[in-house]
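In my numbering, the protein residues as written are 1126 to 1540.
So this is what it looks like as structure tokens:
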């Protein structure tokens, strides 16, 4: 049974960290859990949550890496850092064993996407301190995939480089997959000759959104989009399958998962959207217990799933802090992205939500995908039909909105 396997792994982690990890020793002692837990229910009832703000404060008080390390500093061989999009960036360290645990999970992402030894994978981003770049690359090498880095290049150079390499696999964000296609059109380059059959995307909602996925696949003839997600401080958490678009399967053998009703400490109702909470059942060098990720998800039990396991319908819906309730309607990035991408003729866009008035005001600014076209009336009608409210729409000059290589920031909230 999955629950028994998870409990054994959890208590193995607790035994490894209880004596030396100062951050978690305090928490475990307060929960009377230094000796482990009798059940998963016992763990959830007694173990407090961990928050990103709490970790950031710990690293500020115990610079540069905080007190959540299990081993002496000279044992650690990998440094990574979070993006800082939701606060102070976190530095995160791994020893060899914990890094291999991360790579083992990432190999699951590759295999489920259909990657096999002998394939080539093209990494369409500049390698920074975020974990996802390096974990995807190193795990591909271990799997026997020819890993092609494309850092240090502009988008036009990347497209041409990709066409010379003809990789079967492409890694990037959903936004950047569309940006590469946009530039290919501008340059008169034919992506049907790219060789790409799988586009692995992450970093933002989109890969599990039907309208976004359809637009990417139309721009990359012969390719299928496969979504997945993870975090620098957590590791790779879920994977997609080409035959299951719109569904992310969670690696429950590696993570103990909970979903909380937004803004509460209580479990979300069955099938309702809530905040994903994760405990790493490995990565003992830098563990996380009951970590509030801030990711908004909708858990569902897949037809072939175990009773204790769930998948994520629609992938990552957005960030809990980004969800806005307007006239009784829950709005979050993936829902807005799906609605906007469903309208033909809309290119890049940005959503501004002004929370300062009594009733939040929403404005969608967009560029037309084709010169001389104006899909404004269609977009206004479609947004009204989907969300049952009128949303202000503004067409702007082509090229005036920002483009993103990594996580897009189209969701602008004024508070």
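Where is the CB? At the ideal position from N, CA and C, for every residue including glycine.
- In the DSSP annotation of this structure, the continuous segment of the beta strand (DSSP E) that includes residue 1487 starts and ends at 1486-1493.
- Taking residue 1213 as the centre and dropping the five residues before and after it, the same chain places the C-beta of 1181 closer than 7 angstroms to its C-beta, in chain order.
- For residue 1235, the enclosing alpha helix (DSSP H) stretches over residues 1221-1238.
- Put simply, of 1184, 1243, 1239, 1199 the residue whose alpha carbon is nearest the alpha carbon of residue 1217 is 1184.
- In chain order, 1284 place their CB closer than 6 angstroms to the CB of residue 1305, counting only its own chain and leaving out the 5 sequence neighbours on each side.
- Annotation for residue 1487: 1478, 1516 place their beta carbon closer than 6 angstroms to its own, counting only its chain and skipping 5 residues before and after.
- In the DSSP assignment, residue 1478 falls outside any alpha helix (DSSP H) and lies within the beta strand (DSSP E) extending over 1471-1479.
- The beta carbon of residue 1346 lies closer than 6 angstroms to those of 1317 in the same chain, with the five residues before and after it left out.
- Counting C-beta pairs with one atom in each stretch, the stretch 1429-1447 and the stretch 1241-1258 have fewer than three that are closer than 8 angstroms, which means they do not touch.
- Within the model, the alpha-carbon separation for residue 1220 versus residue 1465 is close to 43 angstroms.
- Residue 1537 sits exposed, since fewer than 16 C-beta atoms from the chains shown fall within 10 Å of its C-beta.
- With a cut-off of 8 angstroms on Cβ pairs, the stretch 1231-1238 is not in contact with the stretch 1330-1345, counting fewer than three such pairs.
- Taking a contact as a CB-CB distance under 8 angstroms, the pair residue 1319 and residue 1287 counts as one, their CB atoms being some 6 angstroms apart.
- Non-local beta-carbon contacts of residue 1535 in its own chain, meaning distances under 7 angstroms to residues more than five positions away in sequence, involve 1474, 1475, 1476 in chain order.
- Residue 1407 sits away from residue 1259, with the two beta carbons spaced by 8 angstroms or more.
- Comparing alpha carbon positions, the residue from 1312, 1255, 1179, 1263 closest to residue 1356 is 1255.
- Contact between residue 1165 and residue 1381 holds: their C-beta atoms lie close to 7 angstroms from each other, under 8 angstroms.
- Three or more pairs of CB atoms, one per stretch, sit closer than 8 angstroms, so the stretch 1290-1310 contacts the stretch 1325-1339.
- Look at the beta carbons and you see the stretch 1189-1198 touching the stretch 1145-1158: at least three pairs across the two are nearer than 8 angstroms.
- For residue 1459, the uninterrupted alpha helix (DSSP H) run begins and ends at 1458-1466, by DSSP.
- With respect to the C-alpha of residue 1177, the residue from 1207, 1248, 1443, 1170 having the closest C-alpha is 1207.
- Positions of the beta strand (DSSP E) runs, each at least 3 residues long and wholly inside the stretch 1389-1453, are given as 1399-1405, 1416-1422, 1436-1438, 1449-1451 in order along the chain.
- If only complete runs of 3 or more residues are kept, the stretch 1306-1338 shows the beta strand (DSSP E) at 1323-1326, in order along the chain.
- Counting along the chain, residue 1362 sits inside no alpha helix (DSSP H); it lies in the beta strand (DSSP E) bounded by residues 1360-1364.
- Residue pairing by DSSP places residue 1375 opposite 1363 in a beta bridge.
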